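Trainee: Numbering (my numbering), first residue to last: 1251 to 1468.
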Amino acid sequence: MNSYDLFEELESNADKEKAIKMSKYMRNQFSFLGVQATTRKKISTVYFKEAKKKKLIDWQFINECWDKPYREAQYIATDYLNKMKDFLVLEDVARIRVLIENKSWWDTVDGLHRVIGSIVFNFPELNKMMIEWSLDESIWLRRVAINHQMYRKDRMNVELLEAIIVNNLRQNEFFINKAIGWVLRDYSKVNPEWVEQFIKTHKNNLSQLSISEGSKYI
């Protein structure tokens, strides 16, 4: 994959007015080119098709994306990892953790929780590590641990889900309470009885946000 051409094409689509709005939406924490998601994905799709043929994760490319000063490059990296998640190996977890903990905000973190979830599903010995992450000082590692099983439906490891959420009860952190609500809401689509009982059991220790989000489809 020719990363130089990809970045050149991305940068050629810069829009200063959109960049200001996008940065403002992210509380001015990051600089943007002003390239919207549809355009970004259209540009990257051509390069990702070529990359997928190699069946190997190009970590040099990912790190290059993370080093770029504009946020769209980090989105490119998370898009790439999601496209290539079938080729991730156990050793990639440590590298992904570095991404989670650097230039951290909900946008990239939520782009990476399914990547971690894919690895953990393929290597269940990592369940213990998800418990450890759920107790970490970093809210972003905890958020990934909470949400890494999203969209698994009937393949959900319920015992692991419960243990991780219980480790994050009685929280005042918005991003943690929102994550709890999201994963409960998602699982309620296939097992509403379990979610309803979990909320009932822990209602005094769950935030109102978590309860409201988690009860949406019950």
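All C-beta atoms in this analysis are idealised placements derived from N, C-alpha and C, irrespective of residue type, glycine included. Quick caveat: nothing in here was measured; it's all calculated off a predicted structure.
#1: What are the complete alpha helix (DSSP H) segments, minimum 4 residues, inside the region 1356-1422?
#2: Take Ile1426 and list the residues in its own chain whose beta-carbon comes closer than 8 Å to its own, dropping the five residues that flank it on each side.
#3: Anyone know if the C-beta pair for Lys1439 and Leu1459 falls short of 8 Å?
#4: Let me see if you follow: with CB-CB separation under 8 Å, is Leu1434 close to chain C or not?
#5: Quick one: what does DSSP say Tyr1320 is sitting in, helix, strand or coil?
#6: To which residues of the same chain is Ile1414 closer than 6 Å at the C-beta, ignoring the five residues directly before and after it?
#7: Please identify the residue among Glu1259, Asn1407 and His1452 whose C-alpha is closest to the C-alpha of Asn1372.
#8: Suppose the cutoff is 7 Å on Cβ atoms and the five residues either side in sequence are ignored; what does the same chain contact list for Gln1350 look like?
#9: Expressed to the nearest angstrom, what Euclidean distance is found between the alpha-carbon atoms of Phe1311 and Phe1337?
#10: According to DSSP, what are the bridge partners of Ser1281?
#11: Would DSSP call Glu1341 helix, strand or coil?
#12: Within 10 Å of its beta-carbon, does Asp1436 have 16 or more other beta-carbons around it, so buried, or fewer, so exposed?
#13: Let's see if you can read the secondary structure: which residues bound the alpha helix (DSSP H) around Ala1269?
#14: Among the candidates Glu1409, Ile1461 and Glu1382, whose CA atom is the shortest distance from the CA of Arg1420?
#15: Taking DSSP as the reference, what is the three-state secondary structure of Ile1468?
#16: What residue range does the alpha helix (DSSP H) around Ser1262 cover?
#17: Are the CB atoms of Lys1335 and Ser1368 within a distance shorter than 8 Å?
#18: Alpha carbon to alpha carbon, how far is Ser1273 from Lys1353? Give it in angstroms, no decimals.
#19: Where does Asn1332 sit, in a helix, a strand or coil, going by DSSP?
Mentor: Considering the structure as presented:
#1: 1356-1372, 1377-1383, 1389-1397 and 1408-1416
#2: Counting from 1 along the sequence shown, the entry for residue 1426 is found at position 176. Cβ neighbours of Ile1426 beyond the five flanking positions: Ile1389, Arg1392, Arg1393, Ile1396 and Asn1418.
#3: To locate residue 1439, count along the sequence shown from 1; it is residue 189. To locate residue 1459, count along the sequence shown from 1; it is residue 209. For Lys1439 and Leu1459, no; Cβs fall outside 8 Å.
#4: Absent from the structure: chain C. Only one protein chain is present.
#5: Here residue 1320 refers to the residue found at position 70 of the sequence shown. Tyr1320: strand per DSSP, three-state reduction.
#6: Mapped onto the sequence shown, residue 1414 falls at position 164. Result list for Ile1414: Ser1384, Ala1395 and Ile1396, in chain order.
#7: As a position in the sequence shown, residue 1372 is number 122, starting the count at 1. Here the closest residue by C-alpha is Asn1407.
#8: Position 100 of the sequence shown, counting from 1, holds the residue named residue 1350. Sequence inspection shows Ile at residue 1350; the Gln mentioned does not correspond to that position. Closer than 7 Å at Cβ, skipping near neighbours: Val1359, Leu1362, Trp1390, Leu1391 and Val1394.
#9: As a first step, residue 1311 must be located in the sequence shown, where it is residue number 61. As a first step, residue 1337 must be located in the sequence shown, where it is residue number 87. Whole-angstrom Cα-Cα distance: 15 Å.
#10: To locate residue 1281, count along the sequence shown from 1; it is residue 31. Its beta-bridge partners are Tyr1320.
#11: Taking the first residue of the sequence shown as position 1, residue 1341 is located at position 91. Correct three-state label for Glu1341: coil.
#12: Locating residue 1436 in the sequence shown gives position 186, where the first residue counts as 1. Buried, by the Cβ-count rule.
#13: Taking the sequence shown and counting its residues from 1, one reaches residue 1269 at position 19. Residues Lys1266 to Tyr1275.
#14: Taking the sequence shown and counting its residues from 1, one reaches residue 1420 at position 170. Of the candidates Glu1409, Ile1461 and Glu1382, the one whose C-alpha sits nearest the C-alpha of Arg1420 is Ile1461.
#15: Here residue 1468 refers to the residue found at position 218 of the sequence shown. Reduced to three states, the DSSP call for Ile1468 is coil.
#16: Residue numbering aside, residue 1262 sits at position 12 when the sequence shown is read from its first letter. Ser1253 to Ser1262 is the span of the alpha helix (DSSP H), which, as asked, contains Ser1262.
#17: By one-based count along the sequence shown, residue 1368 stands at place 118. By one-based count along the sequence shown, residue 1335 stands at place 85. Yes. Within cutoff.
#18: What you label residue 1353 is simply residue 103 of the sequence shown in a count that begins at 1. What you label residue 1273 is simply residue 23 of the sequence shown in a count that begins at 1. Those two C-alpha atoms are separated by around 14 Å.
#19: If you number the sequence shown from 1, residue 1332 lands on position 82. Residue state, collapsed to three classes: helix.
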